[in-house]
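Remarks on the structure that follows.
Now the structure itself:
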């Protein structure tokens with residue numbers, strides 16, 4: 003067996019319970035109750051630590067592993083008892099909101115608890131990780147909403163505005179502010195709008211959550227965006243470390259509950275165009291725009 007993986011006692015017990023039926027080993031860790039029990043234990047604190055990430059990797063690759071917890075003896079799990087699908091990732095249960103982990107090209111990412119729950123429509127997740135980097139500059143770039151449009155030739159233009167639609171150019175964003183979005187090719191149709199409903203800014207994480215909104219410069223109360231007001235986008239910059247102790251900056255954009263707004267004037271809805279490529283270009287460009295900041 004490989005070196006033991008350190009986990010908390012809840013995760014340890016969930017794995018042990020899933021592989022035993024009383025005094026006998028169960029055939030496999032593969033039924034929904036066993037999977038949910040392990041997911042619940044991993045999701046309990048809303049974070050995926052290094053030990054839990056190693057457990058997820060072992061479950062995903064169907065390899066043998068050993069877990070240990072404080073006050074508990076090492077517990078071996080043979081690959082013959084592991085039968086999770088390769089796409090396994092921890093899903094939230096109980097009181098934890100949203101998925102707790104998502105697998106991307108650059109690894110497994112914890113999904114912070116402040117990201118809204120996925121309940122309807124489409125979910126999108128974009129990630130980029132960099133070793134080192136100037137975290138202070140990256141943070142400043144994320145908070146500089148008016149320059150988000152510098153993320154690429156195909157980028158939309160973004161302008162922070164107040165509740166009357168007046169431009170804001172002399173301060174950072176605040177909860178309640180609106181963002182006016184001019185999509186490429188939409189000059190004849192008009193702008194889209196989102197409202198900032200949450201900002202988190204601490205030593206190791208800066209995050210902005212926005213929701214499709216009305217045009218603050220109009221008397222109309224209709225949602226003026228190609229998604230309904232069910233949708234959110236959360237832009238999060240995190241500072242963390244790799245398993246080797248290297249400093250990492252992680253930028254992610256998590257879309258939730260993306261339902262097309264049939265009443266919107268936006269070209270993506272009125273012409274039946276596919277907004278997915280546009281969205282991908284925009285957010286992948288933004289990941290680089292933030293992480294490239296010096």
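Residue numbers (our numbering): 3 to 296.
We put the CB at the ideal spot given by N, CA and C, even for glycine.
Item: Using the beta-carbon count (16 or more within 10 Å), is residue 287 buried or exposed?; Value: buried
Item: On the three-state DSSP scale, how would you describe residue 289?; Value: helix
Item: Could you give the distance in angstroms between the alpha-carbon of residue 283 and the alpha-carbon of residue 196?; Value: 19 Å
Item: Considering only C-alpha positions, which residue in the set 175, 183 and 73 is nearest to residue 12?; Value: 73
Item: Helix or strand or just coil, what does DSSP make of residue 40?; Value: helix
Item: Give a yes or no on whether the C-beta atoms belonging to residue 2 and residue 240 are separated by under 8 Å.; Value: No statement about residue 2 is possible, as the shown extent of the chain runs from 3 to 296 and does not include it.
Item: Mind checking who residue 148 pairs with in its DSSP beta bridge?; Value: DSSP, once it has assigned bridges, lists no residue as partnering residue 148.
Item: Counting along the chain, where does the alpha helix (DSSP H) carrying residue 119 start and finish?; Value: Counting along the chain, residue 119 falls outside any alpha helix (DSSP H), and DSSP gives it neither H nor E.
Item: Let me confirm a value: residue 21 is counted as buried when at least 16 other C-beta atoms fall within 10 Å, else exposed. Which label applies?; Value: buried
Item: With DSSP as the reference, please indicate the residues paired to residue 260 in a beta bridge.; Value: 124
Item: Give me the Cβ distance between residue 259 and residue 232, rounded to the nearest whole Å; I'm assuming they're in contact under 8 Å.; Value: 4 Å
Item: If you draw a straight line from the C-alpha of residue 293 to the C-alpha of residue 19, how long is it?; Value: 42 Å
Item: How many angstroms separate the CA atom of residue 175 from the CA atom of residue 6?; Value: 46 Å
Item: Does the Cβ-Cβ distance between residue 136 and residue 295 come in under 8 Å?; Value: yes
Item: So, for residue 238: in the same chain, excluding its five sequence neighbours on each side, which residues have a beta-carbon less than 6 Å away from its beta-carbon?; Value: 209 and 254
Item: So what does DSSP say about residue 251, is it helix, strand or coil?; Value: strand
Item: Assuming residue 198 is part of the beta strand (DSSP E), what are its boundary residues?; Value: 194-203
Item: What do you get for residue 177, buried or exposed, if any count of 16 or more other CB atoms within 10 angstroms of its CB means buried?; Value: exposed
Item: Quick one: is residue 16 buried, meaning 16 or more other Cβ sit within 10 Å of its Cβ, or exposed?; Value: buried
Item: Taking DSSP's pairing of strands, which residues face residue 70 in a bridge?; Value: 8
Item: Hey, would you say residue 212 sits closer than 8 Å to residue 234, going by beta carbons?; Value: yes
Item: Could you tell me whether the Cβ atoms of residue 153 and residue 290 are closer together than 8 Å?; Value: yes
Item: What does the Cβ neighbour count give for residue 41, buried or exposed, with the cut at 16 atoms within 10 Å?; Value: buried
Item: Should residue 117 be flagged as near chain C, meaning a C-beta pair shorter than 8 Å?; Value: Within the model displayed, chain C is absent; a lone protein chain is all it includes.
Item: Does DSSP put residue 296 in a helix, a strand or coil?; Value: coil
Item: Tell me where the alpha helix (DSSP H) around residue 59 begins and ends.; Value: 52-63
Item: Just to confirm, are residue 54 and residue 44 a CB contact at a threshold of 8 Å?; Value: yes
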